[in-house]
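>
Numbering (the UniProt record's numbering), first residue to last: 1 to 712.
As structure tokens, this is what we get:
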């Protein structure tokens with residue numbers, strides 16, 4: 001029986017078709033790669049002649065040391081990747097700390113152990129019948145690991161040989177086993193695969209020899225020959241955590257390159273060179289302090305050939321701290337530029353994303369709701385990274401009111417039913433009713449953009465959603481700017497009876513106007529809500545506010561973000577949603593397209609590169625997470641802002657001044673001062689006081705201080 005027919009006859013777990021066989025020249029012979037359909041959870045029972053003899057012999061190693069490494073999506077010469085429908089598992093080329101040569105094989109998977117379908121890296125080796133073959137492999141796990149990694153090597157056309165790797169650590173160890181071929185076996189597939197969720201496990205220096213001989217029968221056994229996209233940054237994130245994980249992977253088929261890292265001011269802070277002859281190299285950033293940085297990598301053979309990106313170095317989240325804060329949210333669009341942005345949203349620390357749920361796209365058949373799968377997967381991506389959802393119920397539907405903003409009884413009822421369906425589908429704790437109803441481009445309804453026209457829409461939606469989902473919060477009116485006339489009219493008409501939280505988008509600034517305008521504006525609105533709500537307050541949510549880097553510098557955007565959010569939280573705002581997460585355009589002069597905290601992915605940088613504002617947002621959340629606003633330090637100079645969050649000894653102050661000032665505080669102990677990008681210094685009291693210089697770039701003071709004075 002030839003190999004094609006023999007492989008077609010294999011059991012269900014190893015399904016082969018002619019189209020699934022890859023033939024490659026390897027080690028003086030022909031290797032055919034098989035496609036695994038699924039894998040048995042336990043080794044198959046077989047006769048004595050084909051039972052593998054498992055003899056794990058981990059080599060004693062010193063305590064593991066965290067060394068810089070990076071990996072890249074790759075294909076490997078001599079090996080086929082089979083069962084590629086298992087998209088949750090990966091085999092990547094790793095540089096930085098191989099056991100042999102310059103490259104190792106990193107395995108990763110989130111595929112549960114109960115799923116029999118598993119991606120495999122495979123080749124077929126010519127063998128002799130009834131012959132014992134010795135296998136060795138070097139393996140290492142994460143630095144702190146001492147566990148048995150869920151990876152295995154399957155041997156034999158029937159999968160009758162299986163080796164499950166023994167416990168390993170963060171240092172390389174060698175493991176050995178053997179396999180005896182059957183009486184009629186002349187070719188055997190060898191497959192590497194994960195058998196459960198795994199991260200940070202690497203293989204290298206795999207060998208298969210006839211017992212007592214030295215020739216390695218495996219093609220590309222140390223995975224040195226690989227192909228990956230080039231040139232590119234290989235990281236899946238550029239929001240790096242300080243220390244061992246602060247590395248940058250570079251895939252580039254040039255002999256070598258030089259690199260320079262600059263800080264937020266453009267000043268060089270470190271540099272080095274890369275040997276890129278293997279095709280993949282690592283830039284270690286382990287010694288960098290927290291901050292916002294840019295890196296420029298230059299081809300040694302062509303000084304005009306650059307690979308560039310920005311990146312963040314952040315302090316790790318404390319073990320007892322939350323990675324996100326519910327007070328902070330961000331706007332996203334369920335569109336290609338935001339695809340796979342759940343990870344960066346979670347890394348920054350956002351508790352919630354706010355996004356459109358588009359009526360016309362979901363109710364495509366009257367009275368029926370079908371949620372588009374692409375949008376579904378994006379929302380699931382945010383949830384997978386611990387980020388909740390605030391759906392925004394918008395705008396029109398062709399079945400009602402001539403495809404305009406609803407105003408008829410049928411249209412209002414249909415909009416309310418749709419909104420309730422959105423809440424039911426996503427299980428969201430809150431929903432926002434329409435978006436910028438007072439903005440004519442968003443509302444071409446027959447009634448118009450007034451509060452009197454919004455109230456029936458709000459009332460119908462409130463009553464339907466509360467009937468179906470009593471605990472869901474109704475948020476609105478979500479209007480453009482702080483439209484005082486609209487809000488007053490809505491309150492006078494009883495609109496507050498149908499709102500659990502009041503929202504608007506205070507884009508009320510202009511040239512030369514900083515975010516400090518929010519203080520008086522918010523205080524006015526807090527008072528107005530109490531005036532029309534029997535002296536009681538209601539939560540205020542700013543569900544949109546941001547500054548575009550097409551009109552402001554990236555540094556100004558970062559400054560305004562921290563200042564606006566600190567002022568908001570200190571003046572009655574319960575939640576603040578920055579607009580938005582990802583730049584919607586690549587043209588840096590496009591005003592609407594550059595509100596993002598991160599840049600769009602590119603071929604060379606296929607992950608989200610942060611702007612300074614992303615780092616400033618992450619640092620703000622880390623500084624005040626879990627700490628409620630408590631007080632503003634009072635003094636006569638109105639250009640100075642000093643807001644305290646937390647109480648007792650666990651107090652963080654957000655401090656800045658609209659013009660440069662010298663401040664002193666009373667302090668009995670050392671105070672930690674952190675800049676807006678996370679770099680820290682310790683200030684010691686002199687005669688019971690500390691002195692700091694402040695300007696428009698916010699700083700954080702951690703520790704107990706009092707008696708703020710402006711001295712210069």
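Idealized CB from N, CA, C, for every residue including glycine.
Only a predicted model underlies this, so the values are computations on that prediction, with no experimental measurement involved.
1) Report back the beta-carbon spacing between residue 415 and residue 461 to the nearest angstrom; my notes put them in contact at under 8 Å.
2) Could you please give the first and the last residue of the uninterrupted alpha helix (DSSP H) stretch that includes residue 415?
3) Work out the CA separation of residue 556 and residue 579 for me, nearest whole Å.
4) One question on the structure: do residue 274 and residue 250 come within less than 8 Å of each other, judged by their Cβ atoms?
5) Might you give, ordered along the chain, the residues of its own chain that have their beta carbon closer than 6 Å to the beta carbon of residue 680, omitting 5 neighbours on each side?
6) Here's the rule: buried if 16 or more other CB atoms are within 10 angstroms of the residue's CB, otherwise exposed. What is residue 588?
7) Here's a check: name, in chain order, each residue in its chain whose Cβ is nearer than 7 Å to the Cβ of residue 385, leaving out the five neighbours to either side.
8) Let's see if you can read the secondary structure: which residues bound the alpha helix (DSSP H) around residue 374?
9) Helix, strand or coil: which one does DSSP assign to residue 528?
10) Out of 634, 207 and 96, which has the shortest C-alpha to C-alpha gap to residue 244?
11) Leaving out the 5 sequence neighbours to the left and right, which residues in its chain are closer than 6 Å to residue 112 when beta-carbon positions are compared?
12) Starting from the C-beta of residue 468, find all residues in its chain whose C-beta is less than 8 Å away, skip the five residues before and the five after it, and write them out in chain order.
13) Please specify which runs of the beta strand (DSSP E), each continuous and at least 3 residues long, are wholly inside the segment 319 to 398, giving them in chain order.
14) Expressed to the nearest angstrom, what Euclidean distance is found between the alpha-carbon atoms of residue 523 and residue 571?
15) With DSSP run on the structure shown, which of helix, strand or coil describes residue 400?
16) List in chain order: all unbroken beta strand (DSSP E) runs of 3+ residues lying wholly within the segment 456 to 493.
17) Would you report the Cα separation of residue 259 and residue 558, rounded to the nearest angstrom?
18) Would the beta-carbon of residue 218 fall within 8 Å of that of residue 125?
19) Quick one: what does DSSP say residue 517 is sitting in, helix, strand or coil?
20) Nearest-angstrom Cα distance between residue 368 and residue 430?
21) Report the CB separation of residue 654 from residue 337 in whole angstroms; it is logged as a contact under 8 Å.
22) What beta strand (DSSP E) runs, 3 residues minimum, are completely inside the segment 250 to 288?
23) Should residue 259 be counted as a contact of the ligand ADP given a C-beta to heavy atom distance under 7 Å?
24) From the DSSP output, read off the bridge partner residues of residue 701.
25) Exposed or buried, what is residue 232 when buried is set at 16 or more other beta-carbons lying within 10 Å of its beta-carbon?
26) From the DSSP output, in three-state form, read off residue 47 for me.
27) Considering only the beta carbon of each residue, do residue 412 and residue 312 sit closer than 8 Å?
28) At which residues does the beta strand (DSSP E) containing residue 192 begin and terminate?
29) May I ask which residues mark the beginning and end of the beta strand (DSSP E) holding residue 203?
30) Please state the DSSP three-state secondary structure of residue 619.
31) Quick check on DSSP: helix, strand or coil for residue 800?
32) Which one or two residues does DSSP pair with residue 683 in a beta bridge?
33) Can the beta-carbon of residue 518 be found less than 8 Å from the beta-carbon of residue 480?
34) Once the 5 residues before and after residue 486 are set aside, which same chain residues still bring their CB inside 6 Å of it?
35) Mind checking residue 711: buried by the 16 CB within 10 Å criterion, or exposed?
36) In or out: residue 638 buried (at least 16 other Cβ within 10 Å) or exposed?
Quick look at the numbers:
1) 7 Å
2) 409 to 426
3) 15 Å
4) yes
5) 672 and 674
6) exposed
7) 342, 343, 345 and 346
8) 373 to 384
9) helix
10) 96
11) none
12) 420, 423 and 424
13) 325 to 331, 350 to 358 and 388 to 394
14) 6 Å
15) coil
16) 473 to 480
17) 26 Å
18) yes
19) helix
20) 22 Å
21) Contact doesn't hold; Cβ gap of about 31 Å is too wide.
22) 256 to 263, 268 to 275 and 280 to 284
23) Summarising the ligand content, the structure contains no ligands, and the ligand ADP is consequently not present.
24) 653 and 673
25) buried
26) Residue confidence for residue 47 is low, a pLDDT of 33 falling below 50, so the modelled location carries little weight and cannot support an answer.
27) no
28) 187 to 194
29) 198 to 210
30) helix
31) With the chain running from 1 to 712 in the structure shown, residue 800 is simply not present.
32) 671
33) no
34) 438, 451 and 479
35) exposed
36) exposed
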